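Add 31 to a position in the sequence shown, counting from 1, and you land on the number used in our numbering.
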Amino acid sequence: MSDLVANVVGTAAALCSITSFAPQMIKIWKEKDASAVSLKTYSLTVTCFVLWTIYGVLTEAWPITIANACALVMAAGVLAMKWRFSGAGRPG
Numbered sequence: 032m033s034d035l036v037a038n039v040v041g042t043a044a045a046l047c048s049i050t051s052f053a054p055q056m057i058k059i060w061k062e063k064d065a066s067a068v069s070l071k072t073y074s075l076t077v078t079c080f081v082l083w084t085i086y087g088v089l090t091e092a093w094p095i096t097i098a099n100a101c102a103l104v105m106a107a108g109v110l111a112m113k114w115r116f117s118g119a120g121r122p123g
C-alpha cells in the first residue's frame, strides 16, 4: 500500500508542477503582455528544470525525468513569451 500512496502523491505533485504554469501562459497569451513576469525568476526556474531533467536521465529516474521535462516545456513557454512580448517596439 505504501508504494501506491507514494505513486499517487508523486503523480499529483508532477501534475501540479506541470499545470502550475498554464494560468500564466494563458494570461500572457491573451493579453500579449508579459511585463509582470520576472525574467530572472523564470530563467532560474527553467535552469532548475533542465538540471532536474538531466539528473533524472543520469540516475535513470524516469518519473523525475518525465515530470521535470514536461514542467520545463511549460516554464520555457512562459519564458519564450516573456521575450516575445517584452515590449520591444511597443509604445510606452
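Backbone N, C-alpha and C define an ideal beta-carbon position, used for all residues, glycine too. As the structure is a prediction and not an experimental result, all values here were calculated from the model.
- Message: I need the straight-line Cα distance from A104 to N38, nearest angstrom please.
- Response: Here residue 104 refers to the residue found at position 73 of the sequence shown. Here residue 38 refers to the residue found at position 7 of the sequence shown. Note on residue identity: the sequence assigns Val, not Ala, to residue 104. One C-alpha to the other measures close to 23 Å.
- Query: By DSSP, does V104 sit in helix, in strand, or in coil?
  - Reply: Taking the sequence shown and counting its residues from 1, the one referred to as residue 104 is at position 73. Looking at V104 - three-state DSSP - the assignment turns out to be helix.
- Beta-carbon separation of I59 and F116 under 8 Å? As a first step, residue 59 is located in the sequence shown; it is residue number 28 there, counting from the start. As a first step, residue 116 is located in the sequence shown; it is residue number 85 there, counting from the start. Yes, they are a contact pair.
- Rounded to whole angstroms, what's the CA-CA distance from K19 to D34? Just pull it up for me. Nothing can be reported for residue 19: it is not among the residues displayed for the chain, which extend from 32 to 123.
- DSSP three-state assignment for F80, whether helix, strand or coil: Here residue 80 refers to the residue found at position 49 when the sequence shown is read from its first residue. Helix.
- Query: Start and end of the alpha helix (DSSP H) containing T90?
  - Reply: Numbered from 1 along the sequence shown, position 59 holds the residue referred to as residue 90. Here T90 belongs to no alpha helix (DSSP H), and DSSP marks it neither H nor E.
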